[in-house]
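Colleague:
Protein chains: 2
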Amino acid sequence: MRKNQSAPALSLAEHKAAILRENRRVTSYDVALVAGVSQSAVSRCFKPGASVSKATYARVMKAAAALDYIPNAAARSLITRRTNMVAVVISNTANLCYPEALSELSQQFGRRGKRVLLFTLQREGDIGAVLNDVWQYQVDGVVAAAAVTDELVAEFERRRVPLVVFNRCLRGQAVNTVACDPYEAGHMLAGKLALAGHRSVAIIDGPEDNIVSSERRRGAADKLAELGLSQPVVVRGHFDYASGARGLRDIISRLGHVPDAVICGSDVMAIGCLDYARHELGLSVPAQLSVAGFDAVEPSNWLSYNLTTLRQPLQKMAAAAAELLDRLIETGEGEVEKRMFSSQFIEGSTARLTALPSVSLAA
Amino acid sequence: MRKNQSAPALSLAEHKAAILRENRRVTSYDVALVAGVSQSAVSRCFKPGASVSKATYARVMKAAAALDYIPNAAARSLITRRTNMVAVVISNTANLCYPEALSELSQQFGRRGKRVLLFTLQREGDIGAVLNDVWQYQVDGVVAAAAVTDELVAEFERRRVPLVVFNRCLRGQAVNTVACDPYEAGHMLAGKLALAGHRSVAIIDGPEDNIVSSERRRGAADKLAELGLSQPVVVRGHFDYASGARGLRDIISRLGHVPDAVICGSDVMAIGCLDYARHELGLSVPAQLSVAGFDAVEPSNWLSYNLTTLRQPLQKMAAAAAELLDRLIETGEGEVEKRMFSSQFIEGSTARLTALPSVSLAA
DNA sequence: TTGTATGCGTTATCAT
DNA sequence: ATGATAACGCATACAA
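As given, the protein sequences belong to chains E and G, one line each in that order. Residues in the first sequence are numbered consecutively from 178, following my numbering. Residues in the second sequence are numbered consecutively from 178, following my numbering.
(1) Find the nearest neighbour of Tyr360/G within the set Ser520/G, Pro225/G, Ala532/G and Asn261/G, judged by alpha-carbon distance.
(2) May I have the straight-line CA-CA distance separating Arg376/E from Pro436/E, to the nearest angstrom?
(3) List the residues of chain G that Thr297/E touches, going by C-beta distances under 9 Å, in chain order.
(4) Identify every residue that forms a DSSP beta bridge with Gly318/G.
(5) Compute the Euclidean distance between the alpha carbons of His434/E and Ala447/E, then round it to the nearest angstrom.
(6) Check distances from the C-beta atoms of the stretch 320-336 of chain E to those of chain G and list, in chain order, the residues that come in under 9 Å.
(7) Quick check for students: name the residue ranges of the alpha helix (DSSP H) that lie wholly in the stretch 233-262 of chain G, counting only runs of 4 or more.
(8) Output, in chain order, the set of chain E residues within a Cβ distance shorter than 7 Å of Ile247/G.
(9) Please name the residue, chosen from Pro409/G, Leu451/G, Gln216/G and Arg336/G, that lies closest to Leu432/G on a Cα-to-Cα basis.
(10) Does the beta carbon of Pro276/G come closer than 8 Å to any beta carbon on chain E?
(11) Could you spell out where the alpha helix (DSSP H) holding Val330/G opens and where it closes?
(12) Does the beta carbon of Ser254/G come closer than 8 Å to any beta carbon on chain E?
(13) Between the C-alpha atoms of Ala469/G and Gly449/G, what's the straight-line distance to the nearest angstrom?
(14) Can you tell me whether Glu301/E is buried or exposed? The criterion is at least 16 other CB atoms within 10 Å of its CB, across all chains shown.
(15) Using a Cβ-Cβ cut-off of less than 8 Å, list which residues of the stretch 473-502 of chain G approach chain E; keep chain order.
(16) What number of angstroms, rounded off, separates the C-alpha of Asp386/E from the C-alpha of Arg395/E?
(17) Take Asp245/E and list the residues in its own chain whose beta-carbon comes closer than 7 Å to its own, dropping the five residues that flank it on each side.
(18) Would you kindly work out how many angstroms separate the C-alpha atoms of Ala540/E and Gly383/E, rounded to a whole number?
(19) What are the uninterrupted segments assigned as alpha helix (DSSP H) that are 4 or more residues long and contained completely in the stretch 386-429 of chain G, given in chain order?
(20) Going along chain G in order, which residues have a C-beta closer than 9 Å to the C-beta of Ala235/E?
(21) Using a Cβ cut-off of 7 Å, pull out every chain G residue sitting near Asp452/E, in sequence order please.
(22) With distance defined between alpha-carbon atoms, name the residue in Ala398/G, Ala397/G, Lys400/G and Leu451/G nearest to Asp417/G.
(23) My guess is that Val412/G and Gly424/G are in contact by the Cβ rule of under 8 Å, so how many angstroms apart are they, rounded?
(24) Decide if Asn309/E is buried, meaning its Cβ has at least 16 other Cβ atoms within 10 Å, or exposed.
(25) Please give me, in chain order, every unbroken run of the beta strand (DSSP E) with length at least 3 that falls completely inside the stretch 465-510 of chain E.
(26) Do you know how far the Cα of Ala351/E is from the Cα of Met517/G?
(27) Quick one: is Thr354/E buried, meaning 16 or more other Cβ sit within 10 Å of its Cβ, or exposed?
(28) Which of the three DSSP states, helix, strand or coil, is assigned to Asp382/G?
(29) Going by beta carbon distance, what residues of the same chain come within less than 7 Å of Leu401/G, once the five residues before and after it are set aside?
(30) Opposite Ile523/E in the DSSP bridges: which residues?
(31) What are the residues of the stretch 416-434 of chain E that lie near chain G, defined by any Cβ-Cβ distance shorter than 8 Å?
(32) Report the CB separation of Ala243/E from Val211/E in whole angstroms; it is logged as a contact under 8 Å.
(33) What did DSSP end up calling Val341/E once you bin it into helix, strand or coil?
(34) Considering only residues of the same chain and omitting the five flanking positions on each side of Asp399/E, which have a CB-CB separation below 7 Å?
(35) Where do the N-terminal and C-terminal ends of the alpha helix (DSSP H) with Val219/E fall, by residue?
(36) At a Cβ threshold of 8 Å, is Ala306/G touching chain E?
Structural data, given as structure tokens:
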């Protein structure tokens with residue numbers, strides 16, 4: 178099988194020279210030759226918990242070190258059917274939480290001996306296209322921080338690739354999920370604002386294809402409806418700072434006046450809205466206008482903002498996603514599991530949360 | 178070689194059932210069997226620019242689609258010696274630029290048919306440890322956004338793995354580099370501040386092991402020395418918001434008074450410093466204190482800050498890094514190349530940049 | 001415990 | 001243009 182087995186008693190130096198000359202990689206055969214054992218013995222030495230004698234182990238390791246041998250994960254995966262790679266599919270416009278989530282996922286998987294293969298999306302709708310790449314790489318599992326259609330879920334099942342959908346809860350969809358309920362968050366926030374007497378509430382929504390922001394909007398709108406209040410004006414944003422300013426401008430032009438409160442689909446938009454209100458319109462926040470966001474990204478608690486917002490327990494969520502996917506991979510999955518987290522309300526100081534004396538709470 | 182070649186005339190449905198039953202993956206052999214061609218023909222159909230007749234191509238593709246066949250990248254890489262994966266090693270504390278750079282790198286490599294395998298570091302010093310993992314995965318190349326010692330550079334050469342060091346320029350080190358000169362940036366910033374008459378200048382440095390911030394500090398300190406000004410007070414920070422506030426506090430306690438200007442090793446620290454000065458100390462910026470940072474991260478140009486800072490052309494840098502690494506991979510490297518970018522000064526409004534009438538410029 | 005032999009799924013070489 | 005066959009580097013069943 179191997180031509181250079183014709184030289185079984187090569188010295189270490191000769192051997193290294195030969196490898197270099199033939200421009201080969203260092204393989205377990207090379208190590209075996211130098212150590213004077215069989216290739217399978219070498220293989221066993223690199224498999225934790227295999228049965229090898231102390232003596233051979235030592236000789237193999239010495240030879241391996243001398244040759245700079247490292248097992249080839251590609252070859253290994255061919256036979257073990259494990260690549261120890263996990264795909265993370267994420268849209269970079271998602272918003273500021275994206276880096277934090279990604280970093281945490283990377284850490285968590287690292288602890289479990291798996292590495293993250295990154296697939297970034299320009300728009301969430303592109304997910305179908307990148308999945309064709311995902312299959313090729315034979316990843317052990319996928320964390321998708323993007324909306325996954327039912328057809329795509331079916332494809333994951335056909336291919337037997339474990340999937341965890343991150344923070345993109347499609348109600349009623351039978352797929353493993355880790356998420357922070359956006360509907361509930363919107364509902365809660367609208368409730369707090371309504372309770373404080375805000376009547377003219379407007380919403381800056383996120384991108385069209387983003388289910389997180391649209392669920393937040395739905396939750397807020399539903400809560401207002403439940404309370405018998407009028408439906409909010411909704412304008413579209415794109416999760417960025419500029420969208421916050423433009424959103425507020427659009428709202429005012431639609432209403433003809435400044436609203437009581439603006440609910441923004443993300444903190445960055447809330448900050449944009451806030452800055453525009455304060456610095457461009459000269460409004461006093463929260464006296465003349467309440468502004469609130471979602472996510473509790475880092476800048477939201479900077480002294481200049483101290484934003485009223487809802488914190489997603491991103492670290493816990495990432496840990497849960499990693500743990501869940503890891504289990505699916507190791508045990509060959511079982512029931513569909515959904516781990517829902519709740520947002521934590523951060524009071525901040527950009528929204529008035531108590532009723533004004535002069536305002537009657539009865540709608 | 179294959180047992181189930183004993184049934185050469187299987188129908189499609191039978192075939193799919195057999196694969197499922199035997200719990201095998203769909204391979205090019207399966208497609209060949211269904212399409213009625215040889216396995217090599219199938220392989221060629223998936224290699225762009227191979228010589229296949231229209232007719233066989235069509236039959237193969239039809240069979241492949243029917244079987245949900247996707248080539249196995251691990252098996253392919255075994256023989257082509259290409260994984261089409263690139264490792265990106267990055268420390269997550271690096272600062273806010275990290276997500277932007279990572280996202281851009283991912284996009285750039287994606288366009289070149291390569292995917293990013295992510296290796297995150299807790300501290301930059303951990304790079305040696307993760308590299309042992311990197312070798313296993315047989316990545317085609319590495320982008321390291323961390324300081325790489327000479328020994329590690331040597332190991333890259335021994336293993337013939339192309340390396341591009343990103344934004345971590347070790348002077349005189351013979352390694353491919355894409356970076357924005359931090360020394361020059363510090364030098365420039367200190368010059369501008371000195372020109373405006375700032376005399377008591379302090380610096381909030383970055384983490385101990387971060388060469389970017391220390392070079393910025395060196396550049397600034399050297400410039401002050403060149404101008405015959407007294408050396409700056411230097412305190413340590415960790416690139417985070419809290420470090421900015423703590424840094425300013427430390428500076429004031431060391432000096433016994435508020436300095437004329439604070440140069441912060443990163444924008445986030447500058448923002449922390451700024452907020453602390455304005456909101457906690459009640460200082461007027463830039464009238465009583467000038468604050469400047471580096472990087473021009475997104476929040477730096479928010480209306481509440483409008484920070485005086487230096488922009489790194491991160492997108493161009495990421496594009497350059499991807500292009501350089503790609504070339505090293507494709508052509509089997511050549512000369513060591515260093516692509517240095519310059520920072521662009523962003524005037525902002527947090528530093529006074531013109532001399533006060535009452536201050537003499539002669540030191 | 002150790003070695004032999006085989007297969008993982010592909011690409012590449014060489015005839016035809 | 002197509003098909004047979006030999007690698008690629010490793011893990012594993014089995015025999016010893």
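For every residue, glycine included, the Cβ atom is placed at its ideal position computed from N, Cα and C. Model, not experiment: these values are computed from the prediction.
Modeller: So, from the data block:
(1) Ser520/G
(2) 8 Å
(3) Leu279, Ser280, Ser283, Gln284, Gly287 and Val293
(4) Val263/G
(5) 19 Å
(6) Glu332, Arg335 and Arg336
(7) 250-257
(8) Trp312 and Gln313
(9) Pro409/G
(10) yes
(11) Asp327 to Arg335
(12) yes
(13) 11 Å
(14) buried
(15) Glu475, Pro476, Trp479, Leu480, Ser481 and Tyr482
(16) 14 Å
(17) Val203
(18) For Ala540/E, the pLDDT reaches just 42, beneath the cut-off of 50, and the residue's location in the model is therefore unreliable, although a value from the coordinates is still provided. Whole-angstrom Cα-Cα distance: 29 Å.
(19) 388-403
(20) Within 9 Å Cβ-Cβ: nothing; Ala235/E doesn't reach chain G, min ~20 Å.
(21) Trp479, Leu480 and Ser481
(22) Leu451/G
(23) 5 Å
(24) exposed
(25) 467-469 and 486-488
(26) 51 Å
(27) buried
(28) strand
(29) Ala367, Ala371, Val378, Gln408 and Pro409
(30) Thr486/E
(31) Tyr418
(32) 7 Å
(33) strand
(34) His364
(35) Gln216 to Cys222
(36) no
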